[in-house]
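Undergrad: When you number the sequence shown by the numbering used here, it's gap-free, plus one each residue, and the end is 208. Virtual Cβ for every residue (Gly too), placed ideally from N, Cα, C. Bear in mind that the values here come from a model prediction, so they are computed numbers and not experimental data. One structure, as structure tokens, below. Some questions next.
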Amino acid sequence: AELPRSAKAPLAIMIFVVAVGVAAFHLAPIAVSSLAGGIAMLATGCVKFDRIGRALSAKVIVLVAASIALGRALLETGAAQWLGEALALGMHAFPPAAVLATMMAFAALLTNFSSNTAAAAVGAPIAISLARQMGVPPEPLVLAVLFGCNLCYATPVAYQTNILIMSAGGYQFKDYVRAGTPLVLLMIVTLSVLLVWKYHL
8 AELPRSAKAP LAIMIFVVAV GVAAFHLAPI AVSSLAGGIA MLATGCVKFD RIGRALSAKV
68 IVLVAASIAL GRALLETGAA QWLGEALALG MHAFPPAAVL ATMMAFAALL TNFSSNTAAA
128 AVGAPIAISL ARQMGVPPEP LVLAVLFGCN LCYATPVAYQ TNILIMSAGG YQFKDYVRAG
188 TPLVLLMIVT LSVLLVWKYH L
């Protein structure tokens with residue numbers, strides 16, 4: 008059995024801290040610092056080259072490509088915009104708290120199958136339009152969309168880090184749904200209540 012090489016642990020921690028610190032203090036882009044950190048891990052022997060090959064799964068690579076294509080398809084075909092407009096029909100008749108929760112849930116649903124940028128681009132104009140129709144400030148509805156765009160942990164394709172740990176942790180799609188969906192629902196309820204309280208809706 009392959010045993011952990013604990014002698015390399017301090018060096019690995021130091022490389023990790025430097026790579027994160029360089030990006031955190033804007034000394035270099037995170038793409039550059041993380042790549043340099045990875046190369047340093049290989050050069051110093053903290054990670055063996057054959058372990059990298061085993062960590063990369065063909066399923067994960069295909070999943071990354073498919074998630075990018077899915078997000079682009081939702082935007083390019085107008086499907087995301089159509090979904091948002093369909094959702095907005097008749098919404099102005101509901102109480103503000105229900106509209107907040109619905110907009111947040113819509114953004115969360117969209118971000119878990121495309122990207123948070125796409126969800127924000129589609130949801131923000133709809134939120135502003137609804138706010139005007141309801142005669143309420145647009146800020147709480149826009150914040151509901153932005154909060155929803157960050158609830159991206161109910162599917163593996165929702166965010167890059169979700170996909171990266173899928174193979175390493177031996178997770179399946181259903182594991183993300185089972186663990187992420189209750190958390191998304193909890194955050195939607197909590198954040199909606201806080202927004203209603205903050206803006207006296």
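Which full runs of the alpha helix (DSSP H) of 4+ residues lie inside the stretch 114 to 166, going along the chain?
TA: Qualifying alpha helix (DSSP H) stretches, in chain order: 123 to 141 and 145 to 156.
Undergrad: Going along the chain, which residues of its own chain have a beta-carbon closer than 7 Å to the beta-carbon of Asn119, five neighbours each way excluded?
TA: Counting only Cβ-Cβ distances below 7 Å, and skipping sequence neighbours, we find Cys159, Ala161, Thr162 and Ala165.
Undergrad: Would you mind working out which of Gly85, Val106, Met21 and Thr197 sits nearest Val149, comparing C-alpha positions?
TA: Comparing Cα-Cα distances from Val149 to each of Gly85, Val106, Met21 and Thr197, the minimum goes to Val106.
Undergrad: How is the alpha helix (DSSP H) around Leu193 delimited, first residue to last?
TA: From DSSP, the alpha helix (DSSP H) with Leu193 extends over Phe180 to Tyr206.
Undergrad: If you compare alpha carbons, which of His207, His33 and Thr188 is closest to Leu116?
TA: Answer by Cα proximity: Thr188.
Undergrad: Apart from the five residues on each side of it in sequence, which residues of its chain come closer than 6 Å, Cβ to Cβ, to Tyr206?
TA: Once the five neighbours on either side are set aside, the close Cβ partners of Tyr206 are Pro147.
Undergrad: Quick one: is Phe113 buried, meaning 16 or more other Cβ sit within 10 Å of its Cβ, or exposed?
TA: Phe113 should be labelled buried.
Undergrad: Mind checking which residues open and close the alpha helix (DSSP H) that includes Leu96?
TA: That residue, Leu96, is in no alpha helix (DSSP H); it is neither H nor E in DSSP.
Undergrad: Tell me whether the beta-carbon of Ala30 lies closer than 7 Å to the beta-carbon of Ile37.
TA: Yes.
Undergrad: Cβ of Ile22 within 7 Å of Cβ of Ala50?
TA: Cβ distance not < 7 Å, so Ile22 and Ala50 don't count as in contact.
Undergrad: Looking at the ligand GTP, does it come within less than 6 Å of Ala19, judged from the CB to the closest heavy atom?
TA: As for the ligand GTP, it is missing from this structure, which has no ligand bound.
Undergrad: For Ala126, which residues from the same chain have a beta carbon less than 6 Å from its beta carbon, with the 5 sequence-adjacent residues on both sides left out?
TA: So the qualifying residues of the chain are Ala114, Leu117, Thr118 and Cys156.
Undergrad: Which word fits Gly28, buried or exposed, when buried means at least 16 other C-beta atoms lie within 10 angstroms of its C-beta?
TA: So Gly28 counts as exposed.
Undergrad: Would you report the Cα separation of Ala19 and Val54, rounded to the nearest angstrom?
TA: Their Cα atoms are separated by approximately 9 Å.
Undergrad: Near Val2, which residues of its chain fall below 7 Å by C-beta distance, leaving aside the five closest residues on each side in sequence?
TA: Since the first residue of the chain shown is 8 and the last is 208, residue 2 is not available in this structure.
Undergrad: Assuming contact is defined by CB atoms lying nearer than 7 Å, are Ala108 and Ile195 in contact in what I supplied?
TA: Yes, the pair counts as a contact, with Cβ atoms nearer than the cut-off.
Undergrad: Roughly how many whole angstroms lie between the Cα atoms of Ala14 and Gly52?
TA: Cα-Cα distance, rounded: 11 Å.
Undergrad: Which of the three DSSP states, helix, strand or coil, is assigned to Ala35?
TA: In the structure shown, Ala35 sits in coil (DSSP, three-state: anything other than H, G, I, E or B).
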